[in-house]
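Take any residue in the sequence shown, note its place counting from 1, add 15, and you have its number in the numbering used here.
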Amino acid sequence: MPLDVHVGDIVQMRKTHPCGSDRWRVYRVGADIGLCCTGCERRVMLPRRKFERAAKRVLPETGDPQP
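So this is what it looks like as structure tokens:
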């Protein structure tokens, strides 16, 4: 089942980025997911399948965890 993500959501990933942050903001949704690191503003594109394996949890725009 695909992970339900929307533009503006914050995603906590399993591995940390070299800058030390493990949270990414979603800026594009489609076959590929566009992510922007919240620590250093680095932008990356991941195929949806790889993104779904690497994501730990999704936080909505407000920052509250989804149930």
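For glycine and all other residues, C-beta sits at the position ideal for the given N, C-alpha and C.
Around the beta carbon of cysteine 34, fewer than 16 other beta carbons sit within 10 angstroms, so the residue counts as exposed. In this structure, the straight-line span from the alpha carbon of alanine 69 to that of valine 44 is close to 16 Å. By the Cβ-count criterion, valine 20 is buried, with 16 or more other Cβ atoms from all chains shown falling within 10 Å of its own Cβ.
Burial check for valine 41: the Cβ neighbour count within 10 Å reaches 16 or more, so the residue is buried. DSSP places lysine 65 within a helical segment (H, G or I) once states are collapsed to three. If you draw a straight line from the Cα of aspartate 24 to the Cα of arginine 64, it comes to about 18 Å.
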